[in-house]
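Residue numbers (the numbering used here), protein chains in the order written: chain A, 93 to 423; chain B, 93 to 423. Working notes, structure below.
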């Protein structure tokens with residue numbers, strides 16, 4: 093039996109009281125395909141935004157990517173725990189384009205962040221599943237709005253992908269972190285050039301024990317490689333940091349570089365401008381999507397569309413004239 | 093003073109009588125930003141399609157690309173003239189994403205196809221100009237529908253680009269031809285790997301005089317290179333042909349390969365299936381575009397959108413809730 097739809101006011105006060113289950117429930121509504129669920133979730137976001145203190149400090153949205161096995165989850169676990177210990181509230185989200193098939197390979201298993209998932213100041217949520225990356229990305233972006241309204245200040249968005257999912261994460265974050273493994277020569281294998289170009293910080297993880305020498309060599313290589321890349325619009329030159337999430341070394345240094353990045357990009361106003369551009373992008377994305385579903389929910393449209401799809405396949409009508417007939421049905 | 097909008101019936105009968113100026117005029121209407129022009133052009137297409145004999149032979153849509161200087165125009169001139177001499181009617185269109193700026197660098201100068209442009213059985217049209225590649229591609233695709241309805245059987249679509257315009261041409265053609273120059277080692281310079289992967293036939297043009305030896309070497313290299321590519325859904329293995337448009341050598345051989353391609357892909361039904369898929373794609377593209385302009389022409393929408401764009405930029409509202417308000421105005 094489905095649970096009754098909770099009232100917006102109840103969800104709002106529960107979330108304000110720090111109830112993570114209520115937050116999770118609202119995200120589930122946000123991810124639902126039922127329109128009334130989405131409406132309710134948005135009421136919660138609006139309610140939380142209205143009640144949020146005006147002098148709220150700026151949030152920070154951190155994108156994290158890297159090949160499977162690079163230790164992203166462990167790194168987030170250690171970084172996140174350090175930040176909650178400093179009094180921050182931390183949310184961890186994910187964009188996994190394969191989640192529709194694999195039911196979410198990233199963050200699906202919270203045991204990979206055992207410490208952080210037990211932490212009251214942290215909130216972890218696996219990737220939404222959807223038929224397409226666009227849907228996954230849009231839902232994650234809206235979840236960012238929700239967790240920020242709920243008072244989380246540092247949001248990690250993890251991904252692993254083929255480039256497209258990194259572009260999605262890049263379109264909703266302030267800083268982009270690439271997690272790499274030490275290794276000589278072929279260290280960039282499996283990581284597309286476009287992804288390296290997006291990175292603001294390259295974290296060479298597992299730089300411990302016998303791997304330290306290789307890691308230092310890798311750092312020098314990456315340093316040379318990133319110098320060949322075009323200058324970023326943020327004016328920031330990518331930094332390479334050696335760390336080991338398992339041995340908890342280099343983690344404070346890594347975060348210091350993130351802070352140096354935010355200071356620099358706040359000073360030159362890039363951070364604010366970038367957020368404005370991203371907001372415009374998501375506004376138009378959401379309009380596009382809403383328009384599409386308005387259109388496909390129209391019964392008259394669906395009927396004409398089915399007929400026109402057949403006619404176009406048979407070649408009896410030009411696709412453009414067929415499209416006009418479908419649009420006519422919508423009007 | 094603008095010319096009065098000609099009647100659809102007049103344009104139809106003129107085009108049926110082989111009047112190329114009337115055809116050009118209709119394409120201009122198709123490319124116009126004024127809705128009544130587009131409506132008129134589509135009336136002409138529908139009228140021509142209705143009057144077209146049922147037993148019309150299949151048309152052939154040939155995409156052609158290659159770096160500037162590879163001799164694409166000369167090759168089309170020679171190929172086209174050979175085909176009109178065989179009794180075919182040939183149309184040459186272009187997709188040039190830079191045409192909005194350069195006013196159409198491809199085919200803009202008909203003197204580059206002096207012979208063909210004087211040929212009654214041929215019709216040449218430069219690239220439409222538009223703010224974006226999507227617009228250019230859509231207009232060209234609709235022009236294909238028009239020239240085919242007008243009785244042209246072989247349609248060349250020329251492009252030169254960065255990969256994106258090749259994808260556009262690929263989405264509306266039956267066969268894809270890459271024109272290359274002879275040259276050892278670095279012959280693929282300037283041509284992206286993705287473009288080579290799209291090619292069904294590689295024509296090594298300017299294979300004449302002292303260049304013949306280099307051309308043969310290039311053919312062997314390309315042969316090895318294309319063997320490493322994944323198998324095409326058409327089942328066709330790319331062929332390499334040496335030719336010289338200027339000396340008119342290898343041209344009949346080149347066309348024989350095109351014919352072998354069409355025979356093979358007709359036999360395994362790929363050609364028909366591919367056309368069906370393309371038609372579906374363009375139907376949905378055209379719907380998307382129509383929906384977008386329906387939306388942006390709505391005054392209420394424009395007002396709310398302007399307000400919401402500002403609010404989102406100031407960060408006072410989530411982009412998704414702003415989008416909902418804009419969509420509400422549309423309803």
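Cβ atoms here follow ideal geometry from the backbone N, Cα and C, with glycine treated the same way. The structure presented is a predicted model; accordingly, all values stated were derived computationally and were not measured.
Bounding residues of the alpha helix (DSSP H) (the contiguous stretch that carries residue 311 of chain B): 304-319
By the DSSP assignment, the alpha helix (DSSP H) with residue 421 of chain B in it spans what residues? 411-422
Which chain A residues sit within Cβ distance under 8 Å of residue 151 of chain B? Near residue 151 of chain B there are no residues of chain A at all, since even the closest Cβ is about 10 Å away, more than 8 Å.
Please compile the residues from chain A whose C-beta is within a distance smaller than 9 Å of the C-beta of residue 332 of chain B. None at all; the shortest Cβ gap to chain A is about 29 Å.
Taking the beta strand (DSSP E) that residue 250 of chain A falls in, what are its first and last residues? 246-251
Restricting to runs no shorter than 3 residues, where is the beta strand (DSSP E) found entirely within the region 315-353 of chain B? 331-334
Terminal residues of the continuous beta strand (DSSP E) containing residue 152 of chain B? 152-157
Among the candidates B/137, B/402, B/248 and B/422, whose CA atom is the shortest distance from the CA of residue 414 of chain A? B/137
Among A/205, A/186 and A/134, which residue has its Cα nearest to the Cα of residue 167 of chain A? A/205
Only counting the same chain, and skipping five residues up and downstream in sequence, which positions put a Cβ closer than 7 Å to that of residue 418 of chain A? 393, 396, 397 and 400
Beta carbons nearer than 7 Å to chain A: which residues of the region 93-114 of chain B have them? none
Spatially closest choice to residue 140 of chain A from A/352, A/388, A/347 and A/238, by CA coordinates: A/238
Am I right that residue 319 of chain A and residue 290 of chain A are in contact with their C-beta atoms under 8 Å? What's the rounded C-beta distance? That belief does not hold up - the Cβ atoms of residue 319 of chain A and residue 290 of chain A are roughly 16 Å apart, past 8 Å.
Considering Cα atoms alone, identify which of A/242, A/325 and A/293 is closest to residue 315 of chain A. A/293
With 16 other Cβ atoms within 10 Å as the buried cut-off, status of residue 219 of chain B: buried
Any C-beta of chain A under 9 Å from that of residue 215 of chain B: no
Check for me: the alpha helix (DSSP H) holding residue 273 of chain B runs from which residue to which? Residue 273 of chain B -> no alpha helix (DSSP H), and no H or E assigned at all.
Mind listing the chain B neighbours of residue 134 of chain A? Cutoff is C-beta to C-beta under 9 Å, in chain order. 410, 412, 413 and 416
For residue 225 of chain A, the first and last residue of its enclosing alpha helix (DSSP H): 225-241
Establish whether the CB of residue 233 of chain B and some CB of chain A are separated by less than 9 Å. yes
If we cut at 9 Å on Cβ distances, does residue 309 of chain A have a partner in chain B? no
With 16 as the cutoff for other CB atoms within 10 Å, does residue 285 of chain A come out buried or exposed? exposed
Would the region 257-275 of chain B and the region 124-135 of chain B be scored as touching if the rule is three or more Cβ pairs under 8 Å? no
Start and end of the alpha helix (DSSP H) containing residue 167 of chain B? 164-177
In chain order, what residues of the same chain have a beta carbon less than 8 Å from the beta carbon of residue 360 of chain A, not counting five sequence neighbours either side? 326 and 327
Taking the C-alpha atoms as reference points, what is the distance between residue 213 of chain A and residue 109 of chain A? 12 Å
Roughly how many angstroms lie between the CA atoms of residue 336 of chain A and residue 125 of chain A, to the nearest whole one? 41 Å
Does the structure place the region 243-254 of chain B close enough to the region 94-103 of chain B that three or more beta carbon pairs sit under 8 Å? no
What residue range is occupied by the uninterrupted alpha helix (DSSP H) comprising residue 185 of chain B? Premise fails: residue 185 of chain B lies in the beta strand (DSSP E), 182-187, not in any alpha helix (DSSP H).
Buried or exposed, going by whether 16 or more other CB atoms sit within 10 Å of the CB of residue 240 of chain B? buried
Since residue 272 of chain B and residue 296 of chain B are thought to touch, with beta carbons under 8 Å apart, how far apart are those beta carbons, to the nearest angstrom? 5 Å
Going along chain B, which residues have a C-beta under 7 Å from residue 400 of chain A? 375
With DSSP as the reference, please indicate the residues paired to residue 216 of chain A in a beta bridge. A/184
Which term fits residue 426 of chain A, buried or exposed, when burial requires 16 or more other beta carbons within 10 angstroms of its beta carbon? Limits of chain A in this structure are 93 at one end and 423 at the other, which puts residue 426 of chain A out of reach.
Can you say whether residue 150 of chain B is buried or exposed, counting buried as having 16 or more other CB atoms within 10 angstroms of its CB? exposed
Which of helix, strand or coil DSSP assigns to residue 115 of chain B: helix
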